[in-house]
Every structure is written in C-alpha cells, then in structure tokens.
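Each remark here refers to the structure printed beneath this line.
Protein chains in written order, with the numbering used here: chain V, 12 to 313; chain A, 12 to 313.
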C-alpha cells in the first residue's frame, strides 16, 4: 500500500481520497483553506454513505484519511503526491513549485488535470519527469475510468507505476500516447456539448429536448457499445457517408452565445437557481442522486 | 388504430413494423426486393424473441404485419405511409414520386430520414405539406426516442398528428422547431465520433481506448443526466471555461483519414471481418446482444 498526499480537499480531492482509502491506501489531505479541511471528515462520511458501506467498513476507510494543516506536515508522511487544485495554470505552477521545494527528486507527482495541457503544467518544474497526468472522473470512488497521460518530459516508468497502482485498485485505466488538452473523455464530452449549444443557437430545439434525446437514445447505448465498435458494427462505409453529409453542418465554434446569454444575466446554473434549465430547491440533490443511480445500474449490468 | 404502409423492409423498416404492431397498429410492408420481403417474417419473429414476448402475444403482433409485393397493393390497404428506404436523396425522390401518384393528397407520409435535410427530401413532391420527418432509433421496438421534424413546407397539423400517434404508443417524442441534417441525436453522436477519429489521427490513442473511455465514464452517466442538465449542475461558468480552453483544439474536420485508411484496404467493419477493431466470427452477434442488454438495463432503471 502506498501513502498518498493530496493537495486540494475540494470535490475531486476528497473523492480521490475516498477512492484510494477504499482500496487500502493511506491518505493525507492538505488544503490551504482551513474551512475546506474542517468539512473534510463530514464530506467523506457522506461519500461513504452514498457507497452503501457498512458502518464498520466505512470506519476503516475514514481512519485511513487524515488532514494536514501545512504542506510541510503532509509531505513528510507520504510516498507520492496528487495535486487536485483548480484547473488554472498559475495555481498549478505555484503549488508544484512549493511542493518540489519540500520533496525528494524521485517522489512521484500526479496531476488531476485534464483540460490544461500536462506539458504546460510541468513547465518550470525542477523534475518534470515525475509528473504524470492522472485524470479521475467524478465521483472518483464510483466511476471506474482513470485516464493516464505523460507530459513531453515524463519518464514512462512513472506512467507505468501509476497504471499499476490504479489497476491494482480495480480501476479501468487508459493510457494516452501523449497528453492533449481534455485528454480523451473531456474532448469527446465537449465535442458533443459544443454541438448541443450549436443546436440551441440555431433555434432547432430547447435545452430540455437535448437532454431528452440523449437520455432516450444514445445514453442508453454508450455504456454497452462504444462509438468505434458501433462504427464498425453499422459499417465504416455507412459511417463515412453519414459524416460526409453531416460534418460540414457540425459546429466548429470557439464562442458560445448560448452560454454567454444566461451568464451575462447572472444565471450560472444550479448554484444560481437557473441557467439553461430551471433549478427549484431540491433539484440539485435529485440530480446528484439520479446520476449515482444511473452509474450504479450500468456498473452492475452484464 | 391506424393502418400503416411501410416502404422498405430492411433493418429499419421491419423494426418500425414491429414497434407499430406491438402498439396495436396494422402494418403492410412493401419492398422492391423480393428477397427482403421473403425474409421479413423470419426477421420479425427474431425481433419478437429479443423482446422476450410470450408466444401468444408474439403471434398477435405477427398477425398484424403483412407483406405487399407491389406498391399499388400496399397503398389501397393503409391510412398513412412511412418511407424507410436508404438515405440517398435520389432514392427517396423516386420512391415519393411513385407513392404520390397512387395516394390521396391528404394521406400522411412519414420519412425516416435523419441525415438528409427533410426539406430537400420534400423537393419535387406534389403535396410536401404532408411530409413529416419521423426518425426512429435502432432497434425501433426497444429505443424510446423518436425525433419528429417539419420540412419547410410541412403543415404542422401533420406534425402534431404524428406526435400524438407516437406518444400514444408510449414513445418518447421530441419535436424539432425546424429540420436540420442529422436532426438532434445524430448531430450529437457524430460530433463525438468526429472528435474520436481526430484523436486516432493525432495518435493520442487507439480505437479500443476510445470505447473503453466511453463505456467506463460518460456512457455510465448519459442515460441519467443529459449534457445540458450537467452543464448547469457543474456550473455554466465552469462549462464555459472548459470550452474556452478546449474548443480551439476540437476537430472541425470534413475529411476522415482514420476511416479512409481501413476503407481503402477493403476493411468495412463487422461485415468484412475487420475495420477499426477486429471482428472474429461471433463478435457481431455478441455486440448486438450486449447492446440490447445495455439498453434494457437503462430502460428498467429508476
């Protein structure tokens, strides 16, 4: 078992801590914000409740996770460090600089970046060969996938080691040949989201209709058969014919009026009570529960 | 109950026939190819087996579907016609011209097009106001979604009528404000497929990895929470930040070397034994079964 340090105790950080501790690893979580650290235990208990763990088992998991009030206090107790701070390049650089000043050159560092280029995240590091992109999906203790990617200077020994640890936890790892912004999953996701916004902007339909389409067709299929297997299944000739027809009509946008409009009106989505959809009290919790139920029924399926 | 004529007894035509007959409608299927008509009964029985219907119920459904050897023989026995011929504009035009010569001006005609523009399909029709785009998903007796769209000249009375019939069958209908190539679902699907091919062409990963990512992350979620609800859930500000970062890197391609390469080598996918993936004997049937199981577990879920 490895002793992991996690920098950042927010949504992803505490979720990764739970996933690691469930697999028997010890975890020390550091966050610069005392309030985030103070609520850590409570959020971990809630996550374990959502996993339907028995109280005894949950207690074992909780006991493996401790908080550290300073980075120095964290690094002396761990064998590897995961940064799970917000996706801003300046924040990542600052955290990695402070971290490298305190740890030996051979200690592995995993970055939970996906949207940023890992190679850019590694810029300025003293020992960039140890930085591995390890992108977890939310919630990390429930979604099997972890995407692993090397930066331009990463030593592949560190990549292999990360995959070994994650596979040993029962995770489904995929290894990218090289890092690209968005890795694989977020590029696929946001290519689809970009087209959805395009349909709104073209006034073809409203946001609820987009979701109805996804949930009543493609969303029923993609846990069972992926898009490449499906392309072969229906035939690559048919796939190319369809793409030849459709591709000239698909979005290539880099600006998003369908998002700007609600944002300019102060509508940020769930947190503000309204966005593309309406968010009456209780909807946020209902969506979170629906999401977890949906994931679970696909995890147990054949 | 309505008496439907279906032109085209292939994959979609026979599937639509089964869906309609299961809901109590009578169906007459016409196909210009005698071999397609000859195998119709057998394919309907197989479809009903896959629906786990009791033999008595399956017998009732089968009895509602009959074949017609000529278009003239079909049209005299029906109240509405569905064209489910291949997605080629010249083929659609030819079929609709022959059809209109034989039916009254007020008879509804549904076109199962999605990739072509419905307005272009309607060009040359004597009575384009009766043509409604009614796009079913495969298999039509299992996937709830049916997308309904008007062409530029369609009378909205016919659109409402189509939605009423489909909703009465328990289908999940969405109504597009206007027709666009690919409707909604195929645009979302092929925006994602386009980006997947882009990742292959950039040598980020192989086709199997694309499918692993989909099945172990996004595919687990999209039957429960659609992309617009998710955008609100994580916040439209975060959604825009991610898109601002990723969109310039996403594919805007209109050519597809990742498809051309196997196609030029005679690899068309399942039917040719190989394509993006390898297709040993039995894999096609395994994929079909896996797909249906996947759909079913999401249909019964909460």
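Virtual Cβ for every residue (Gly too), placed ideally from N, Cα, C.
For residue 205 of chain A, the C-beta contacts it makes with chain V under 8 Å involve 202, 254, 258 and 261, in order along the chain. With a threshold of 8 Å between beta carbons, residue 33 of chain V makes no contact with chain A. A distance below 8 Å separates the beta carbons of residue 240 of chain V and residue 288 of chain A.
Straight-line spacing of the CA atoms in residue 13 of chain A and residue 127 of chain A works out to 27 Å. By the 16-neighbour rule on beta-carbons within 10 angstroms, residue 193 of chain V is buried.
Excluding five sequence positions before and after residue 180 of chain A, the CB atoms of its chain that fall closer than 6 Å to its own CB belong to 34, given in chain order.
By the neighbour-count definition (other C-beta atoms within 10 Å, threshold 16), residue 83 of chain A is an exposed residue.
Relative to the Cα of residue 291 of chain A, the nearest Cα in the group V:305, V:261, V:112 and V:244 belongs to V:244. With respect to chain V, the C-beta atom of residue 293 of chain A has no partner C-beta closer than 8 Å. Residues of chain V whose Cβ lies closer than 7 Å to the Cβ of residue 51 of chain A do not exist; the shortest such Cβ separation is about 21 Å.
Taking a Cβ-Cβ cut-off of 7 Å, the neighbours of residue 239 of chain V in chain A comprise 207, 218, 221, 222, 287 and 288, given in sequence order.
Annotation: residue 122 of chain A is outside any alpha helix (DSSP H); the continuous beta strand (DSSP E) that includes it extends over 120–122. Cα atoms of residue 52 of chain V and residue 73 of chain V: separation of roughly 8 Å, rounded to the nearest angstrom.
Scanning A:154, A:201 and A:229 for the CA closest to the CA of residue 197 of chain V turns up A:229. Per DSSP, the continuous alpha helix (DSSP H) segment holding residue 231 of chain A begins and ends at 229–232. Look at residue 276 of chain V: its C-beta is not under 8 Å from any C-beta on chain A. Segment contact: the segment 262–276 of chain V against the segment 256–273 of chain A, three or more CB-CB distances shorter than 8 Å; contact assigned. The beta carbon of residue 283 of chain A sits closer than 7 Å to those of 277, all from its chain and outside the five residues before and after it, given in chain order. Taking a 10 Å sphere around the C-beta of residue 125 of chain V, we find 16 or more other C-beta atoms and assign the residue as buried. For residue 268 of chain A, there is no enclosing beta strand (DSSP E); the residue is found in the alpha helix (DSSP H) stretching over 268–275. The alpha-carbon of residue 191 of chain V is positioned some 49 Å away from that of residue 32 of chain A.
Residue contact with chain A for residue 123 of chain V: absent (no Cβ-Cβ distance below 8 Å to any residue of chain A). For the segment 98–124 of chain A, the beta-carbon criterion of a distance under 7 Å to any beta-carbon of chain V is satisfied by none of its residues.
DSSP, read as helix, strand or coil, puts residue 244 of chain A in helix. When Cβ pairs closer than 8 Å are counted between the two stretches, the segment 210–218 of chain V is seen not to touch the segment 137–154 of chain V, the count staying below three. Here residue 138 of chain V has 116 as same chain residues with Cβ atoms under 6 Å from its own Cβ, once five neighbours each way along the sequence are excluded. Membership of residue 45 of chain V in the alpha helix (DSSP H) is indicated by the continuous run 45–49. Counting only runs of at least 4 residues, the segment 32–79 of chain A fully encloses the following alpha helix (DSSP H) elements, listed from N- to C-terminal order: 45–49, 51–61 and 66–74. Each of V:37, V:19 and V:136 was checked against the Cα of residue 43 of chain V, and the nearest Cα belongs to V:19.
At a beta-carbon threshold of 9 Å, none of the residues of chain V lie near residue 87 of chain A; the nearest stands roughly 34 Å away. Counting C-beta pairs with one atom in each stretch, the segment 155–171 of chain V and the segment 129–145 of chain V have three or more that are closer than 8 Å, which means they touch.
Ranked by how close their Cα comes to the Cα of residue 220 of chain A, the residues V:237, V:231, V:226 and V:108 have V:237 in first place. In this structure, residue 100 of chain V lies away from residue 122 of chain V, with their beta-carbon atoms at least 8 Å apart. Cα atoms of residue 110 of chain V and residue 88 of chain V: separation of roughly 14 Å, rounded to the nearest angstrom. Here residue 93 of chain V is near residue 15 of chain V, since their CB atoms are less than 8 Å apart. Proximity of residue 167 of chain A to chain V, defined by a Cβ-Cβ separation below 8 Å, is not satisfied.
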